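Engineer: Sharing a structure with you now.
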Amino acid sequence: MPPYAIRIIGDPVLNERAAEVDEINGALVRLAEDMLTTMYDAPGLGLAAPQVGVQKRLFVYDAGDGPAVLVNPVISESSGEWAYEEGCLSVPGLSWEIIRPKEIHLTGYDLDGNEVSFEADELLARLFQHELDHLDGVLLLEHLDEEQRKAAKKALREQTMARDAARPSASAASGGLRLP
Ligand code: ZN
Numbered sequence: 000m001p002p003y004a005i006r007i008i009g010d011p012v013l014n015e016r017a018a019e020v021d022e023i024n025g026a027l028v029r030l031a032e033d034m035l036t037t038m039y040d041a042p043g044l045g046l047a048a049p050q051v052g053v054q055k056r057l058f059v060y061d062a063g064d065g066p067a068v069l070v071n072p073v074i075s076e077s078s079g080e081w082a083y084e085e086g087c088l089s090v091p092g093l094s095w096e097i098i099r100p101k102e103i104h105l106t107g108y109d110l111d112g113n114e115v116s117f118e119a120d121e122l123l124a125r126l127f128q129h130e131l132d133h134l135d136g137v138l139l140l141e142h143l144d145e146e147q148r149k150a151a152k153k154a155l156r157e158q159t160m161a162r163d164a165a166r167p168s169a170s171a172a173s174g175g176l177r178l179p
């Protein structure tokens, strides 16, 4: 079992602006470690603290260069446009092509309290913008047009109904069929 259950759309914690981190201490380091474990278990490329129910401005990620943590991240510049198929662990099973800036300049702090600065483009820039949205209480659905959003809400309702209907038999089956 991962340390945290990932919060799913509909949970109000995903719609609130998270607070600045004012102290990097042992508890914050432990939170980041548990978030990384939860992210790798999902699996996902990034995970923001509100997705595990914690209203703090930090996220963890691994874009292929190993685990990393960013505290109080800020995007100071962005440019260009890039369309990319984007999904979210908090909006399971759905993805959309979304246009965002292609390059960004992001600053923040690492877990040692050092200021860090990135010129990121394409996938890494996308990941940073997506996780920063979470810190501002913004989910992917807010980037869709009205028609896409309606279709998304319908799909999510159907998912919830299917999950509820399947619950008793699914838990029995996973108990019996789980392989090492
Ligand atoms: Zn997300």
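Residue numbering for the sequence shown follows numbering that gives the first Met the number 0, starting at 0 and increasing by one per position.
The beta-carbon is built from N, C-alpha and C at its ideal position, and this holds for glycine as well.
Given the structure is predicted, the values throughout are model-derived calculations rather than measurements.
Below 8 Å on the Cβ atoms is my contact criterion, and I expect T36 with P91 to pass it. Report the Cβ-Cβ distance as a whole number of Å.
Structural biologist: Residue 36 sits at position 37 when you count from the first residue of the sequence shown. Residue 91 sits at position 92 when you count from the first residue of the sequence shown. Wrong, their Cβ atoms sit about 19 Å apart, outside the cutoff.
Engineer: For D120, list the residues DSSP reports as bridge partners.
Structural biologist: By one-based count along the sequence shown, residue 120 stands at place 121. Per DSSP, E102.
Engineer: Compare the beta carbon distance of L123 and A31 with 8 Å and say whether it is the shorter of the two.
Structural biologist: Taking the sequence shown and counting its residues from 1, one reaches residue 123 at position 124. Taking the sequence shown and counting its residues from 1, one reaches residue 31 at position 32. Cβ distance not < 8 Å, so L123 and A31 don't count as in contact.
Engineer: Using three-state DSSP, classify G52 as helix, strand or coil.
Structural biologist: For the purposes of this step, residue 52 is taken as residue 53 along the sequence shown, with counting starting at 1. Three-state DSSP puts G52 in coil, outside helix and strand.
Engineer: Let me confirm a value: M0 is counted as buried when at least 16 other C-beta atoms fall within 10 Å, else exposed. Which label applies?
Structural biologist: Position 1 of the sequence shown, counted from the start, is the residue given in the question as residue 0. By the neighbour-count rule (16 or more Cβ atoms within 10 Å), M0 is not buried but exposed.
Engineer: Pick out whichever of R156, A151 and A67 has its Cα sitting closest to the Cα of D33.
Structural biologist: Here the question's residue 33 lines up with position 34 in the sequence shown. Here the closest residue by C-alpha is A67.
Engineer: Mapping DSSP to helix, strand and coil, what is P42?
Structural biologist: Position 43 of the sequence shown, counted from the first residue, corresponds to residue 42. The answer is coil: DSSP assigns P42 none of H, G, I, E or B.
Engineer: Whole angstroms are fine: how far does the CA of A154 sit from the CA of L69?
Structural biologist: Numbered from 1 along the sequence shown, position 70 holds the residue referred to as residue 69. Numbered from 1 along the sequence shown, position 155 holds the residue referred to as residue 154. Roughly 33 Å separates the two Cα atoms.
Engineer: Using only Cβ atoms and a threshold of 6 Å, which residues come within that distance of a heavy atom of ligand 1? Order them by chain position.
Structural biologist: Residues with a Cβ closer than 6 Å to any heavy atom of ligand 1, in chain order: C87, L88, S89, H129 and H133.
Engineer: I need the straight-line Cα distance from I97 to H129, nearest angstrom please.
Structural biologist: Within the sequence shown, the letter at position 98 stands for residue 97. Within the sequence shown, the letter at position 130 stands for residue 129. Answer to the nearest angstrom: the Cα atoms are 11 Å apart.
Engineer: Going by alpha carbons, who is nearest to E102 out of A150, P42, S78 and A165?
Structural biologist: Sequence index remark: in the sequence shown, residue 102 carries index 103 (1-based). The shortest C-alpha separation from E102 is found at S78.
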